[in-house]
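Read through the structure below, which is laid out as structure tokens, and then see the notes.
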Amino acid sequence: MAPLNSHSYHKVLALLAVIVSLVVTTTHASTITRRLETIPYLDYTGIEAAAREAISDTLKRRGVDESDLIARELLGPRQLSVTVPSCKKVSKRKEWRDLRYNEKKDWIRAVKCLQTKGDYGISPISDTLYDAFTQVHQTNWTDFHGNAFFLPWHRWFVWVHAEAMEHECGYSGPHPYWDYTLDYKNPTASPIFSTDPEVGFGTHGNIPLREIGQGGYKVDNGAFANLKVNLPIPHFLTRNFSAWKDWDPERHWGTALGGSFSPEQVKIALKAETFWELEAAIDGLNLTTFNDPPVVPSPDTPAPAGIIPLAGIHNGPHFFNMGDWNGPFWLLGTDWFPAGVVAPNDPMFWPHHTNVDRTFWRWQQRPGKQWEFNGLKGANRTDDPALPTDLLPFYGLGPDVPVALTLKTENWPMCYTY
């Protein structure tokens, strides 16, 4: 991508200013500020300072003149007494199988604990922090799915969830990812879906539920048996491990779509030459035939060479689980479509998306890729290009932050690695 000069960036500042005014209520000339209720363990002032520094540094790396001036125009005057905090430690995330039994048990306890914590005024339907994450994920969901914002938005989202588990519920162990390439030949047989009542995520259960959407089965075993969630309406956690057969009856994609997240599919993603190509590989998008206007995708939607269409290493696990985890397709044909992207209802969302983030992180370890960010803001060829200065919206779940702040996990405030 060619370097952007200061003139090019000033052309977009007016647009960015409009975005800032729409998504943030400003209280002291800064865009990184408190909305609704503040979350006490998130350092809003420190995040503002880190965001300012990240924007300035990222633009300098791109050869943009006056990067400090641009950061000031975006974020307001610098608070002179504020410096960016440093990481007390850089934690290491681990594969689920590498956690000790008691660590798994405590992680599951902390996830459930979020159902007992207040939501800081985020969700109009429920007042629990557990449901607040689902509420935020489904709000204007097309703004951060299937476009350049998908990876940085979900990276920050998963980090805030980890912070909530630690500060609200006392979890102190490693945060897990699920490396599904270890299970791709038969995903539903993965040990993560154990029926162990203390450390298993459970299967799809035995009790059919048909209240909403395409239905599924109440999860009635494992540590999350009989878990009640509230979006789009109150119901028991639902999965359906058999629905994938309707998508792929000839098993072209392997058992339970496992071929879409095989080691080979991950290798293809990691070979992507640009960030935008990485996003396309992870989501199974075709950048040369991007829908214009966008349409509901199908298994026949073209995809990058070698990538299984539509599924990709992100969507494939969603699709074979169905139920709550499948998101909008689960609610196709109901009053809740397409707003019901309720995948965080299922605790499997977190180790899955942590692994998607790990793939992003692994790609960033290649020379020259750490700070790369490009692509489009939407699923339309005529959409505006995405910029590292663009704000990612979190609707009260902490501050809205620029993409630039999410590009290095080892930096404060995220302070983690793989």
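As numbered in mature numbering (1 follows the signal peptide of the UniProt record, and there is no 0), residues -29 to -1, 1 to 389 make up the sequence shown, in order.
Just so you know, even glycine gets a beta-carbon here, dropped at the ideal spot from N, CA and C.
These numbers were taken from a predicted model, which means no experiment stands behind them.
Check, Outcome
"Beta-bridge pairing of residue 147 - partner residues as DSSP gives them", "65"
"Residue 123 vs residue 363 beta-carbon contact at 8 Å", "yes"
"Integer-rounded CB distance, given that residue 368 should sit under 8 Å from residue 81", "Going by Cβ atoms, the distance from residue 81 to residue 368 rounds to 17 Å, so no, they are not a contact pair."
"Residue burial classification, residue 160 (beta-carbon count within 10 angstroms, cutoff 16)", "exposed"
"Given 8 Å, three or more beta-carbon pairs between the segment 77 to 93 and the segment 287 to 304", "no"
"Helix, strand or coil at residue 79 [DSSP, three-state]", "helix"
"Where the alpha helix (DSSP H) through residue 238 begins and ends", "234 to 241"
"Minimum C-alpha distance to residue 342 - residue among 11, 18, 15 and 25", "25"
"Spatial neighbours of residue 53 in its chain, beta-carbon cut-off 8 Å, leaving aside the 5 residues before and after", "16, 17, 19 and 20"
"Sequence-distant residues of its chain with Cβ nearer than 8 Å to residue 445 (five each side left out)", "Within the shown structure, residues of the chain are numbered from -29 to 389, placing residue 445 beyond reach of any answer."
"Of the listed residues 229, 206 and 322, nearest to residue 78 (C-alpha basis)", "322"
"Per-residue DSSP class, three states only, for residue 320", "helix"
"Paired residues, beta bridge with residue 209 - DSSP", "189"
"Which residues DSSP lists as bridging residue 178, in chain order", "189"
"Rounded separation between residue 180 and residue 370 - CA only", "37 Å"
"Sequence-distant residues of its chain with Cβ nearer than 8 Å to residue 64 (five each side left out)", "145, 146, 147, 148, 325, 329, 387, 388 and 389"
"Cα-Cα separation between residue 313 and residue 202, rounded to whole angstroms", "7 Å"
"Residue 98 to residue 372 span [Cα, whole Å]", "24 Å"
"Which listed residue (230, 304, 365 and 169) has its alpha carbon closest to that of residue 91", "365"
"C-beta neighbour in chain B for residue 214, strict 8 Å", "As a matter of chain content, chain B is missing from the structure shown, which is built from one protein chain."
"Beta-carbon contacts of residue 355 that lie in its chain and below 6 Å, excluding the five residues immediately before and after", "348"
"Residue 163 burial status per 10 Å Cβ neighbour count (16 or more: buried)", "buried"
"For residue 228 and residue 451, the rounded distance between their alpha carbons", "With the chain represented from -29 up to 389, any question about residue 451 goes unanswered, as that position is not in the structure."
"Rounded Cβ spacing between residue 233 and residue 155 (contact assumed at less than 8 Å)", "4 Å"
"Continuous alpha helix (DSSP H) stretch holding residue 85: start and end", "From DSSP, residue 85 is part of no alpha helix (DSSP H); its letter is neither H nor E."
"Proximal residues to residue 216 (C-beta, below 7 Å), its chain only, five neighbours per side dropped", "none"
"Contact check, residue 209 vs residue 192, beta carbons under 8 Å", "no"
"Neighbourhood of residue 170 by C-beta, 7 Å cutoff - its chain only, sequence neighbours within 5 removed", "72, 75, 76, 79 and 194"
"Spatial neighbours of residue 178 in its chain, beta-carbon cut-off 7 Å, leaving aside the 5 residues before and after", "188, 189 and 191"
"Beta-carbon proximity list for residue 320, same chain, < 6 Å, skipping 5 on both sides", "314"
"For residue 92, three-class secondary structure by DSSP", "coil"
"Alpha-carbon spacing of residue 150 relative to residue 337, whole angstroms", "20 Å"
"Residue 253 - containing alpha helix (DSSP H), residue span", "246 to 254"
"Span of the alpha helix (DSSP H), counted from its first residue to its last, around residue 102", "100 to 109"
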